[in-house]
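**Q**
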Amino acid sequence: MSSKIITVWGGNNSGKSTFATNLACALSARDRLVGLISANLVFGELQIFFGQNVPPEKGLFRALSEDNPNIGEKFVASGESKNLFFLSVPTRYTGLLCDTVTLEQVEQMINAASVAFDILVIDGAAELTNPVSGVGLWLAETICTLHRPSIAAQMWHQGVADFVRELHIVEKQIHILQAPDGEFDDQTYREMIGLSFPFELPYVKRASELQNAGTPLYFHRDRACRYYGKVLEQIADGIRGGGKP
555 MSSKIITVWG GNNSGKSTFA TNLACALSAR DRLVGLISAN LVFGELQIFF GQNVPPEKGL
615 FRALSEDNPN IGEKFVASGE SKNLFFLSVP TRYTGLLCDT VTLEQVEQMI NAASVAFDIL
675 VIDGAAELTN PVSGVGLWLA ETICTLHRPS IAAQMWHQGV ADFVRELHIV EKQIHILQAP
735 DGEFDDQTYR EMIGLSFPFE LPYVKRASEL QNAGTPLYFH RDRACRYYGK VLEQIADGIR
795 GGGKP
């Protein structure tokens, strides 16, 4: 494999997809050809973030099922950056295909995509049984683990602890704290979970509104989004430079 593989991970509602999408945007702005892969096998979240459709002849299931040396053709070009392409399930429902996905198919797909792109960003899943997420965690050079302070997040972290040890991915993880929206105190969460957070993302009140409008936060220029973007740029610079963020 020739490209860097970055997997974004975390519990449900931790902000994984928002972070993965905007990190990919930040990396693509640094003259790197970036492929963004969604682990969601039922619903295509990425096309909502970019305000685009994924036609049935493209997308995740075609990339998994076809032995195609031009795997880049299964990715959809992002309208926001000429260097960013994403792979998600088609816009029309195809969830019945998700039971047919194997670890071998996923590994072959990621290996092929790693030749086509400089950097792969994999938007992982909270569920340990998700094959795209699992292979992404195994192959990743760096795992960005998102935390949105809550009791549920702390329980998820405890629940995956054995999996993290068995897969030997502790050293690859960078823990990133999402600023709380006022529902849970971040200092309480830090004390509960006992981790250090080298990066902290600000709370963006308009995040859902912008995403539903197909506008990645990284390209929006209000104060909160600019602050969010600066943190992303610090992480992207570390990835681009060859080390951990």
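All you need for our numbering is the position in the sequence shown, starting with 1, plus 554. Even glycine gets a Cβ: it sits at the ideal position worked out from N, Cα and C.
Which residues does DSSP list as the beta-bridge partners of His701?
**A** Leu731
**Q** My understanding is that Gly565 touches Ala715, with C-beta atoms under 8 Å, so please give their C-beta distance in whole angstroms.
**A** Not a contact, Cβ separation roughly 13 Å.
**Q** Counting C-beta neighbours from all protein chains within 10 Å, is the total for Met709 16 or more, i.e. buried, or is it exposed?
**A** That one is exposed.
**Q** Can you tell me the Cβ-Cβ gap for Leu638 and Val669, rounded? I've got them flagged as a contact below 8 Å.
**A** Not a contact, Cβ separation roughly 17 Å.
**Q** Taking buried to mean at least 16 other C-beta atoms within 10 Å of its own C-beta, is Leu749 buried or exposed?
**A** Label assigned to Leu749: exposed.
**Q** Can you list, in chain order, the residues of its chain with a C-beta nearer than 7 Å to that of Leu786? Leave out the 5 residues immediately preceding and following it.
**A** For Leu786, where only same-chain residues beyond five positions count, the Cβ hits under 7 Å are Asn576, Leu577, Ala580 and Tyr772.
**Q** Can you give me the start and stop residues for the beta strand (DSSP E) that Glu754 sits inside?
**A** DSSP places Glu754 inside the beta strand (DSSP E), whose first and last residues are Phe753 to Leu755.
**Q** Taking the Cβ atom as the reference point for each residue, do Phe629 and Leu600 lie within a distance shorter than 8 Å?
**A** Taking a C-beta distance under 8 Å as the contact criterion, Phe629 and Leu600 do not qualify as a contact pair.
**Q** Could you tell me the distance, in whole angstroms, from the CA atom of Ser704 to the CA atom of Ala733?
**A** 11 Å
**Q** Taking the continuous beta strand (DSSP E) assigned at Asp677, which residues delimit it?
**A** Asp677: member of the beta strand (DSSP E) spanning Ile673 to Asp677, first to last residue.
**Q** Can you have a look at His722 and say buried or exposed, based on whether 16 or more other CB atoms are within 10 angstroms of its CB?
**A** exposed
**Q** If you drop the 5 nearest sequence neighbours on each side, which residues of the same chain put their C-beta closer than 8 Å to that of Ala706?
**A** The residues are Gly565, Asn566 and Asn567.
**Q** Is it buried or exposed for Ser762, if we count other Cβ within 10 angstroms and need 16 for buried?
**A** Ser762 should be labelled exposed.
**Q** Are the region 606 to 624 and the region 741 to 758 touching by the rule of at least three beta carbon pairs closer than 8 Å?
**A** no
**Q** Decide if Gly713 is buried, meaning its Cβ has at least 16 other Cβ atoms within 10 Å, or exposed.
**A** exposed
**Q** Per DSSP, which residues does Ser592 bridge with? Please list them.
**A** Asp677
**Q** Kindly indicate which residue of Ile673, Ala593 and Gln659 has the alpha-carbon position closest to the one of Asn684.
**A** Ala593
**Q** List, from N- to C-terminal side, the alpha helix (DSSP H) runs of 4 residues or more that fit wholly inside the region 741 to 784.
**A** 761 to 766
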